[in-house]
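The opening residue of the sequence shown carries number 1 in UniProt numbering; numbering runs sequentially from there.
Just so you know, even glycine gets a beta-carbon here, dropped at the ideal spot from N, CA and C.
Treat the numbers as computed from the prediction; the structure is a model and nothing was measured.
Quick notes on the structure that follows.
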Amino acid sequence: MAKTEISLDTELVVEVMVLSGIGNPRDAIEAVVRDYVVRGHRTETRTGEEAETRLREIDTTPRIQEG
Numbered sequence: 001m002a003k004t005e006i007s008l009d010t011e012l013v014v015e016v017m018v019l020s021g022i023g024n025p026r027d028a029i030e031a032v033v034r035d036y037v038v039r040g041h042r043t044e045t046r047t048g049e050e051a052e053t054r055l056r057e058i059d060t061t062p063r064i065q066e067g
């Protein structure tokens with residue numbers, strides 16, 4: 001798996017570490033990101049919708065204003 005290096009605010013990382021109970025900053029952030037992705041998949045499963053499907057359903061035809 002490819003890895004990406006990013007910079008985050010120290011206070012944010014410490015807060016994530018405290019809330020998750022994980023002592024390693026990298027592991028704490030990874031746990032939060034993985035949880036976020038899993039929750040997204042669960043939501044898609046529950047609602048039966050996927051983000052791409054919802055985007056395709058948007059009506060983009062111009063509306064004529066009557067006045």
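Spatial neighbours of residue i in its chain, beta-carbon cut-off 7 Å, leaving aside the 5 residues before and after
{"i": "Pro25", "result": "Val13, Met17"}
Cβ neighbour criterion (16 or more within 10 Å) applied to residue i
{"i": "Ala2", "result": "exposed"}
The alpha helix (DSSP H) enclosing residue i, as first and last residue numbers
{"i": "Ser20", "result": "10-20"}
{"i": "Thr4", "result": "Run containing Thr4: none; DSSP gives neither H nor E here."}
{"i": "Glu44", "result": "25-47"}
Presumed contact (8 Å Cβ cut-off) between residue i and residue j, rounded CB distance
{"i": "Val33", "j": "Ser20", "result": "No, Val33 and Ser20 are not in contact; Cβ-Cβ is about 11 Å, not under 8 Å."}
Close Cβ partners of residue i (< 8 Å) along its chain, the five nearest in sequence each way excluded
{"i": "Ala28", "result": "Val13, Val16, Met17, Ser20, Ile22"}
{"i": "Glu5", "result": "none"}
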